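Per full-length UniProt numbering, the very first residue in the sequence shown carries number 1; after that it's consecutive.
Accompanying notes for the structure given below.
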Amino acid sequence: MVFLVSCLSSTVQAQEDYFGIDTKAKKPKSNSSIGNAARNVISAISLDVTGGYGYHLHSLNFISTDYTAYPITFQGEEAAPGISFGEEVNFRGSNFALPVNAGVKIDLFGIATIGGGVAREWGRMNAPTYNDYAFNYATHAYVFDKLYGTVGIIIYDARKRASFLNWRYRKYSGSNTYMQAERKLRLRQHYPWRFILEGEAGQIMIRESFDPNLVATDPFYGVGLRVERELSEYVKVFIKPNFEVRRMELQNPTLEENQLFIQQLMTLNAGLSLRMPGTKRCKVSGCGVKMKHIHDGVEYRGSSIFNMQNRKIGQW
1 MVFLVSCLSS TVQAQEDYFG IDTKAKKPKS NSSIGNAARN VISAISLDVT GGYGYHLHSL
61 NFISTDYTAY PITFQGEEAA PGISFGEEVN FRGSNFALPV NAGVKIDLFG IATIGGGVAR
121 EWGRMNAPTY NDYAFNYATH AYVFDKLYGT VGIIIYDARK RASFLNWRYR KYSGSNTYMQ
181 AERKLRLRQH YPWRFILEGE AGQIMIRESF DPNLVATDPF YGVGLRVERE LSEYVKVFIK
241 PNFEVRRMEL QNPTLEENQL FIQQLMTLNA GLSLRMPGTK RCKVSGCGVK MKHIHDGVEY
301 RGSSIFNMQN RKIGQW
């Protein structure tokens, strides 16, 4: 009887730990409960850096009691017919922009994300036109800074893929060994993609303006689709097409009237995301384990954050 209990005990221990590689579901990252909770929070935080290219459409909804007080020129060959008193006209133009972003993201239980960041944008601004009229800005370049927050909904990732596969194979009986084996094989496959629908809002800060009378009074709003590709548990690359709407004003101090300036920016950004490692790197002397493993009840990682931690065949 004692021999049987001893065998069962050794079997349980063997199931929990293979050469320091723990197979239990819960793996503490610290010796204390507070430290473990803190490391779990840290592991949900990611740092992002992005850059991209943008194309913007801009319009100036112009209405004035005296259009001659503005830098408007007529470019036609015949005599200028003039703009009528109180007539509302829409000057339109387009050009390019180069945005750079740095931000922080927090993963909320694999369901959603929240975050924020700062950005700088260098852009060109040509003179918008209406028929044969052009509104001539002081310069043709601008520099904007942005302070923004984001909220995202995870549309599809490895977890949702697993749920979808289980739903898709639900019609096959458990005795159908071929289809069940196919389901398990597909569930074990590594799926590195994640799709997030993100909305953002923030404030524009004008550093260098194309017109000295331009004032950013309203917040801007944007929406984008973030497509991530996992390189390791902690490092991802991503692209994000984004659409953004901004409303500003050209304030004329002499006439005490404002002209509405609207900018619609479409960008394609590419970036790198680094998730903070909640699991400490193993520094035990003589330990050569490359996978995640246990020392004195605490989980450690055996590889750099740029490598897959629990690598499989073909990933070494």
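Where is the CB? At the ideal position from N, CA and C, for every residue including glycine.
Predicted, not measured: the structure shown is a model, and the values here were computed from it.
- For residue 269, the enclosing beta strand (DSSP E) stretches over residues 257-275.
- Looking at 146, 114, 142, the one whose alpha-carbon comes closest to that of residue 120 is 146.
- Around the beta carbon of residue 113, 16 or more other beta carbons sit within 10 angstroms, so the residue counts as buried.
- In the DSSP assignment, residue 102 falls within the unbroken beta strand (DSSP E) covering 89-108.
- Residue pairing of residue 139 in beta bridges, as defined by DSSP: absent, with no partner found.
- Distance from the CA of residue 58 to the CA of residue 135, rounded to the nearest whole angstrom, comes to 12 Å.
- Measuring C-alpha to C-alpha distances from residue 132 to each of 91, 151, 110 identifies 91 as the nearest.
- Each residue's CA atom was taken as its position, placing residue 240 and residue 102 some 14 Å apart.
- The beta carbon of residue 69 is closer than 7 Å to those of 252, 254, 255 in its chain, skipping five residues each way along the sequence.
- Secondary structure within the segment 149-209: the alpha helix (DSSP H) runs of 4 or more consecutive residues, fully enclosed, are 158-168, 177-188 (chain order).
- As computed with DSSP, residue 146 is found in a beta bridge with 119, 204.
- DSSP places residue 72 in no alpha helix (DSSP H) but in the uninterrupted beta strand (DSSP E) bounded by 72-74.
- Look at residue 49 here: in three-state DSSP terms it is strand.
- When DSSP states are grouped into helix, strand and coil, residue 41 belongs to the helix group.
- A direct Cα-Cα distance of roughly 18 Å separates residue 288 from residue 297.
- By the neighbour-count criterion, in which 16 or more other beta carbons inside 10 Å mark a residue as buried, residue 177 falls on the exposed side.
- If you look at residue 252, you'll find it in the beta strand (DSSP E) that goes 235-252.
- When the five nearest sequence neighbours on each side are left out, the beta carbons in the same chain lying within less than 7 Å of the beta carbon of residue 140 are those of 124, 125, 126, 210, in order along the chain.
- The criterion of a C-beta distance shorter than 8 Å is satisfied by residue 51 and residue 100.
- Cα atoms of residue 257 and residue 266: separation of roughly 30 Å, rounded to the nearest angstrom.
- In the structure shown, residue 69 falls within a helical segment according to DSSP collapsed to helix, strand and coil.
- Within the model, the alpha-carbon separation for residue 170 versus residue 143 is close to 55 Å.
- Around residue 290, the same chain offers 302, 303 as residues with beta carbons nearer than 6 Å, after the five sequence neighbours per side are excluded.
- Bridge partners of residue 59 according to DSSP: 92, 262.
- Shown here, residue 34 sits in a helix according to DSSP, grouped into three states.
- Each residue's CA atom was taken as its position, placing residue 220 and residue 205 some 11 Å apart.
- For residue 231, the three-state secondary structure derived from DSSP is coil.
- In this structure, residue 150 lies near residue 198, with their beta-carbon atoms less than 8 Å apart.
- The bridge partners DSSP lists for residue 220 are 202.
- It is roughly 15 Å from the alpha-carbon of residue 56 to the alpha-carbon of residue 224.
- In the DSSP annotation of this structure, residue 305 is not part of any beta strand (DSSP E), being labelled neither H nor E.
- Within the same chain, 45, 46, 47, 48, 115, 116, 117 come within 8 Å of residue 104 by CB-CB distance, once the 5 residues on both sides are set aside.
- A straight-line Cα-Cα distance of about 5 Å links residue 216 and residue 248.
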